[in-house]
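Numbering (the UniProt record's numbering), first residue to last: 1 to 948.
Even glycine gets a Cβ: it sits at the ideal position worked out from N, Cα and C.
In this text, all values refer to a predicted model and were calculated from it rather than measured experimentally.
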Amino acid sequence: MEKLFGNYIKKSFEIKEINKIVHRTKEYFGEFSRYYLYIFYYEFDNAIIRKYGDLFDQFNSIIQQQLDIFFKDIFYISIRVLIVEMNIMKDENKLVGANSQERYLYYSELLTKEEYIDYLISKYPVLNRILLEKCKNQIRLINECLSNYIQDFEPMCETFEISAQSKIKQIIVTSGDSHNGGKKVILLELSENKILYKPHDFSSEKIFNEILESINKEQCIKYKLKTIKNITRDNYAWQDYIKAIGCTKIQEVEEYYYKIGAYLAVLYSLGCEDIHKENIIASGNNPYLIDMETLSNCQAPLINDKATMLEHFFYENSQSVFGTMLLPTNSAVSIFDYDIGGISGDDNIETSKWEAFDIKNQGTDNLQFVKESKFITGGCDNIVKLNGEATRARDYYKNIIEGFSDCYKIFIKTPNKVVDILKESEVIIRQVLRPTAVYSKFLEASTYPTYLTNEESFRGLFAKLDNLEEVKEKKKAQIEIDSLYEFDIPYFYSDLNTTNIYSVKGKVDNYINYSVMDAISGKARKFSEKDLKVQIYYINLALSTQPNTSEMIYKYNLFSKSQNLKNITINHIAKQIGDVIEEKLIWDYRKQSCFFMIDTVVKEKRKYCSMDSSLYGSGGVILYYLSLYKATCDLKYKHIVEGLINGHIGLHSKKSLEEGIGLFSGLTSLAYIYYQCYRVLGKKQYLEDVLEVLKEIEENLHMWDELDLSTGLSGVIIFLSELYKTENNEQYLLIANGLADKLYKLVLKANFNMLTGLAHGYAGVAWALYSIGHIVNNEDYINCAMKCIEEENMYYDSEKNNWKDKRNGSSESFYWCYGAFGIGIARLKMYEIAHNDILLKDIEKCRYIYINYNLINSKYNHSLCHGLTGNLSAIKMFSDFYKNDNKLKKKYKEMLDILLNDVVNGKVIWGDKELIEDYSFMIGLSGIGYELLRHEATNSVNILALEV
1 MEKLFGNYIK KSFEIKEINK IVHRTKEYFG EFSRYYLYIF YYEFDNAIIR
51 KYGDLFDQFN SIIQQQLDIF FKDIFYISIR VLIVEMNIMK DENKLVGANS
101 QERYLYYSEL LTKEEYIDYL ISKYPVLNRI LLEKCKNQIR LINECLSNYI
151 QDFEPMCETF EISAQSKIKQ IIVTSGDSHN GGKKVILLEL SENKILYKPH
201 DFSSEKIFNE ILESINKEQC IKYKLKTIKN ITRDNYAWQD YIKAIGCTKI
251 QEVEEYYYKI GAYLAVLYSL GCEDIHKENI IASGNNPYLI DMETLSNCQA
301 PLINDKATML EHFFYENSQS VFGTMLLPTN SAVSIFDYDI GGISGDDNIE
351 TSKWEAFDIK NQGTDNLQFV KESKFITGGC DNIVKLNGEA TRARDYYKNI
401 IEGFSDCYKI FIKTPNKVVD ILKESEVIIR QVLRPTAVYS KFLEASTYPT
451 YLTNEESFRG LFAKLDNLEE VKEKKKAQIE IDSLYEFDIP YFYSDLNTTN
501 IYSVKGKVDN YINYSVMDAI SGKARKFSEK DLKVQIYYIN LALSTQPNTS
551 EMIYKYNLFS KSQNLKNITI NHIAKQIGDV IEEKLIWDYR KQSCFFMIDT
601 VVKEKRKYCS MDSSLYGSGG VILYYLSLYK ATCDLKYKHI VEGLINGHIG
651 LHSKKSLEEG IGLFSGLTSL AYIYYQCYRV LGKKQYLEDV LEVLKEIEEN
701 LHMWDELDLS TGLSGVIIFL SELYKTENNE QYLLIANGLA DKLYKLVLKA
751 NFNMLTGLAH GYAGVAWALY SIGHIVNNED YINCAMKCIE EENMYYDSEK
801 NNWKDKRNGS SESFYWCYGA FGIGIARLKM YEIAHNDILL KDIEKCRYIY
851 INYNLINSKY NHSLCHGLTG NLSAIKMFSD FYKNDNKLKK KYKEMLDILL
901 NDVVNGKVIW GDKELIEDYS FMIGLSGIGY ELLRHEATNS VNILALEV
């Protein structure tokens, strides 16, 4: 091989196409690529140009293009070796030059020497093998493409409207993954248009088109779903090239997203899992799915009585609309920390999980190949544009749901539609057994010089995949290793009716849990009105993870159009809320544990995930069902309470200290839930669970220094003070006093500088210190509490009759969390502990504010946290305190009537404008239901007043 290279060296200097690349890339060791480029040039000339020259428009441009494409492979695979070798010479003072640039040029010149190339080849034989195989594979692939092009030219002319005189202007071997001996998709640009050559079995795409054509015959589909023109052969296919085209009318965009919804229903029926942003093209009012190799996934775990809640969770993710990847993929447990969804995928997003690489200090002997957590670059054509501006899927959620529902109802009517089509077919379906990104990381790691010096080291890197003892896992791993050894991404496929997986490298019997046909038949049995509602909820949940840039306000309709809305009572509403949420519960095999999917915020990004234990979020739903059980004595609701608690324990076996200490959004949420379950259900285990959580808090008190009522120390102190009064257990008081000591010191350290309001400010801190201070007779705590009130009252705006929100200086926050309604609750609870004229004066102010609060002219929502329901709770407290105040009673009735009317008539607005559908507690539907039940006098505790 060294002698062969020696012959190529001299000739390669004479080829101007190669010289162009070397010159363009001289700051990136372009000289090294010269020899491999010459081999490629030589082989391309002999195997392609001389054989198929008549097909091309211009030889030189075709040659230059192929050399450019091949250079990228050479560069990616060899750059680390060359940097290391240059640095070895640098460390040994063998680089000649007065400065960094001159020393780099010296090394570049060395790369033109036959002896040095021989040295590199002998030291890195694996690198040499890979590059030569890349060359051979690419030539073979292009040869195969052009041979089939000649063979299929006549039908291609008819199908793709190609003229008989058409010439090939470009051959672009795409940058996607290579499989099965370097096979990749090729784009042919012809005189008239472009077509794609796909060097793999096309039966799954063909059957997908048949399914779409069957759906299009149904009258209920408003807009027909487009298929992509293709010519299918045994092991390859030709496919029309779809060009991204924008829309000029909003009606076109609405039609586009309707079709997205219909596609989503079809993908869901198949269990398809790979429609990410690179596999969809937005072309006018039509979305085109351009890669349906992974038509159906059959790798979901078997769900039986041994399945854990985590397995249930991942099963639900994979088998729902989430699993298609067409929707935003912002899952809290995703291996990606950026969105790759088909209708949303992010571009230019910084990632902390997946590293990119960059070249630094090019053209110098300090040149570096640097790993960075940097932007994931590369735009795709998956987002439809309206007059040049990218649209956002969540803004068209109604169109998506309409299309999904229309198509889904076809499957309810004819559940075996897809099964019947598949029965008549022979289909090969790709199965992605590991995320492609995992394989890519292995290939990227294999370019480190350590692995390129000998075959044993190179293969040894991939041998890390062989880490399981099961025979079938070891067989699968061996296939993966063999593929990666050839620098390919492993490619597995299955047939319809067996549980085997196949590869060109071998076969593994009975690898998957069930056949593709079994999986799709199982999905067919699931089609129902109930499942339709669940999937629509998931669609809304996924879309809610996109920022609401349009400031759209979502209004929720609790009741269907078919329901009789006359004489609706609070109990009717409460049961309806319970039934709506119950539809979304995922139960384990034995119906003992359950959970549901909800949103969360991770590092300021919205994600969908399983339920948590926070009162603010989904943990409060447990309290809602507990309240519903008290109101109705229906054992179904008790079973749900116990199922949700068991489900949370199953999903979160260890309480995370990272959640914080807070009563509403931390560990104390769980203690509060356990205690309420103990009070209602009477199980002593729940009381023991309370103590377990509190012990963990006490042991880790040093971790937290937040002051506030919602997320910090104040809420925990109030809860423990109330718990002590109720249970008379000194342990609660001991922990509360330790927390109070820390809170007191933190307040002094902050020099009483905090926000206004109950949830995150003075009012909550004052209430906590005032409460514990009177229990333990600590004047310092009590005086500190009153000082907090004094500081807060400095921000009272007498003109607006409200306390200013220190975050923005506004006096418009009239809520439980910020403003007069929360401050009123705190002052009233403090006054109940010990009368005080300052407190009473503030209570009188709040009474006046409540009576004169003009709800109709305000921008209100219906949440507990900062909406109508929370304000209604405060007014009820004051009405109970001022028992003979008819004005308060009138205001209470007025606001309750507005709330009931809005709930019944489909005008519910969430406390978080970002969410499309929200069942959470403090800002969503369950909290509204809870307060309505409480107003119906079911003796449920007032959570906003931290009652126990």
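Integer Cβ distance of residue i from residue j, believed to fall under 8 angstroms
i	j	result
residue 887	residue 851	5 angstroms
residue 788	residue 762	4 angstroms
residue 200	residue 148	With 8 angstroms as the limit, residue 200 and residue 148 do not qualify as a contact, their Cβ atoms being about 13 angstroms apart.
residue 610	residue 619	That pair is no contact at about 12 angstroms.
residue 680	residue 626	5 angstroms
residue 574	residue 628	6 angstroms
residue 280	residue 363	Their Cβ separation, rounded to whole angstroms, is 40 angstroms, which puts residue 280 and residue 363 out of contact at 8 angstroms.
residue 631	residue 710	About 27 angstroms; that fails the 8 angstroms criterion.
residue 558	residue 908	7 angstroms
residue 819	residue 863	Actually they do not touch by this definition, with Cβ atoms about 14 angstroms apart.
residue 772	residue 736	5 angstroms
Residues sharing a beta bridge with residue i, DSSP
i	result
residue 641	Partner(s): none; residue 641 has no beta bridge.
residue 276	341
residue 157	DSSP, once it has assigned bridges, lists no residue as partnering residue 157.
residue 774	Partner(s): none; residue 774 has no beta bridge.
residue 250	In DSSP, residue 250 forms no bridge with anything.
residue 589	Answer is none; residue 589 lacks a bridge partner.
residue 286	283
residue 797	802
residue 390	385
residue 431	492
residue 230	239
Residue closest to residue i, alpha-carbon to alpha-carbon, out of the options
i	options	result
residue 61	87, 30 and 169	169
residue 177	439, 717, 446 and 599	439
residue 232	202, 220, 245 and 215	202
residue 78	117, 873 and 830	117
residue 39	18, 58, 29 and 28	18
residue 568	905, 466 and 101	905
residue 622	158, 115 and 929	929
residue 265	487, 558, 867 and 327	327
residue 513	499, 51, 599 and 338	499
residue 714	778, 97, 785 and 125	785
residue 108	36, 22, 121 and 179	22
residue 242	924, 534, 697 and 226	226
residue 413	766, 371 and 529	529
residue 385	248, 408 and 444	248
residue 415	212, 457, 522 and 369	522
residue 425	208, 197 and 111	208
residue 706	696, 683, 370 and 662	662
residue 165	781, 430 and 156	156
If contact is defined by three or more beta carbon pairs under 8 angstroms, each pair taking one atom from either stretch, is the region 177-197 in contact with the region 382-398? no
Evaluate contact between the region 417-426 and the region 85-92, counting only Cβ atoms and requiring at least three cross-stretch pairs below 8 angstroms. no
Kindly confirm or deny that the region 908-920 and the region 685-701 touch, where touching means at least three C-beta pairs closer than 8 angstroms. no
Can you check the region 729-764 for any alpha helix (DSSP H) of at least 4 residues that lies completely inside it and give the ranges in chain order? 730-749
Does the structure place the region 241-253 close enough to the region 264-272 that three or more beta carbon pairs sit under 8 angstroms? no
Three-pair Cβ contact test at 8 angstroms for the region 570-583 versus the region 293-307: no
Could you say if the region 556-568 and the region 436-455 meet the contact criterion of at least three C-beta pairs nearer than 8 angstroms? no
The region 33-48 touching the region 133-143, judged by at least three CB pairs closer than 8 angstroms: yes
For the region 804-824 and the region 874-887, state whether three or more C-beta atom pairs, one from each stretch, are separated by less than 8 angstroms. yes
Can you confirm whether the region 309-317 touches the region 466-474 when touching is taken to mean that 3 or more C-beta pairs between the two stretches lie within less than 8 angstroms? no
Inspect the CB distances between the region 600-609 and the region 321-341 and report whether three or more fall short of 8 angstroms. yes
Sequence ranges, alpha helix (DSSP H) only - wholly within the region 831-863, length at least 4: 837-852
Those runs of the alpha helix (DSSP H) which lie wholly inside the region 515-578 and span at least 4 residues: 516-526 and 529-543
Whether or not the region 792-801 and the region 732-750 are in contact is what I'm after, with contact meaning three or more pairs of Cβ atoms, one per stretch, closer than 8 angstroms; do they touch? no
May I ask you to verify whether the region 500-520 touches the region 475-491, counting CB pairs closer than 8 angstroms and requiring at least 3? yes
Could I get the ranges of all uninterrupted alpha helix (DSSP H) runs contained in the region 594-671, with 4 residues as the minimum, in chain order? 619-632 and 635-651
Quick one: which unbroken alpha helix (DSSP H) runs of 4-plus residues sit fully inside the region 11-56? Chain order, please. 16-24 and 30-44
Inter-stretch contact (C-beta, 8 angstroms, three-pair minimum) for the region 186-199 and the region 209-226: no
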